[in-house]
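First the structure, in the form of structure tokens, and then the observations on it.
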Amino acid sequence: MTELVRGDRFQELFTFFRSTAQRLETRDHYNSPVEQEPLRRFLEGNPDPEWANRPWLHSVRQAATEGRLFQRVRIVSLPLSGYARFGLHGAKANNAAGEDIRYLDRDAALKANIPQFDVWCFDRSLSAVLHFGEEDGALLGAELIDDPVVVAEHCRWFDLARKLSVSREEFAKRV
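Going by our numbering, the first residue of the sequence shown is number 1466, and it counts up by one from there.
This is the structure in structure tokens:
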């Protein structure tokens, strides 16, 4: 199996990119320990007001002030699951912090032959393909790829998904 980066080495990718960090996000649910309590509260109708102050958003704001851009396209199944509704709610704060999160219906993504795996594209020169546990969906780590042909293909998929997607605000009106 390919070596996966995780922990501090994975986090460094988000600190040291030069211009763009673009993610194609394809899963209907992520098993992230940091999200468990905010997700529970959201599903109970009592969203955590502190969720808008999470560390990720501080990183996004810092990158934005430095002229670096975070972009994400979330490919989602309809009707939205509780987790996807939680993500849509949280994306409002992400976008306010300077990240650009957009949405694409899974059926449209499949019709356009967009692969259904998660990948980050950094500066169009490095891809990080995310690997998740089959049983619990927990992030196992990222496979780093710097082969220019493969990276270009990952970026092309992101670009196509972005072209077909709609803004978070427009998507929220539709669902």
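Cβ coordinates follow ideal geometry from the N, Cα and C atoms, glycine included. Predicted model only: the values in this text are computed from it and were never measured.
Element boundaries [alpha helix (DSSP H), containing residue i]
| i | result |
| --- | --- |
| residue 1538 | Note, residue 1538: premise wrong, no alpha helix (DSSP H); beta strand (DSSP E) at 1534-1541. |
| residue 1572 | 1571-1576 |
| residue 1547 | 1547-1562 |
| residue 1524 | 1520-1530 |
| residue 1501 | 1501-1508 |
Backbone CA spacing between residue i and residue j [nearest angstrom]
| i | j | result |
| --- | --- | --- |
| residue 1536 | residue 1589 | 13 Å |
| residue 1469 | residue 1509 | 35 Å |
| residue 1580 | residue 1623 | 10 Å |
| residue 1544 | residue 1639 | 11 Å |
| residue 1502 | residue 1472 | 21 Å |
| residue 1522 | residue 1605 | 23 Å |
| residue 1551 | residue 1634 | 14 Å |
| residue 1585 | residue 1595 | 8 Å |
| residue 1559 | residue 1611 | 28 Å |
| residue 1608 | residue 1512 | 34 Å |
| residue 1626 | residue 1565 | 13 Å |
Buried or exposed (CB count within 10 angstroms, at least 16 for buried), residue i
| i | result |
| --- | --- |
| residue 1531 | exposed |
| residue 1555 | buried |
| residue 1491 | buried |
| residue 1487 | buried |
| residue 1614 | exposed |
| residue 1575 | exposed |
| residue 1592 | buried |
| residue 1499 | exposed |
| residue 1601 | exposed |
| residue 1539 | buried |
Expected contact under 8 Å - CB spacing of residue i and residue j to nearest Å
| i | j | result |
| --- | --- | --- |
| residue 1494 | residue 1548 | 5 Å |
| residue 1563 | residue 1528 | 7 Å |
| residue 1475 | residue 1533 | Their Cβ separation, rounded to whole angstroms, is 17 Å, which puts residue 1475 and residue 1533 out of contact at 8 Å. |
May I ask you to verify whether the stretch 1614-1630 touches the stretch 1568-1581, counting CB pairs closer than 8 Å and requiring at least 3?
-> yes
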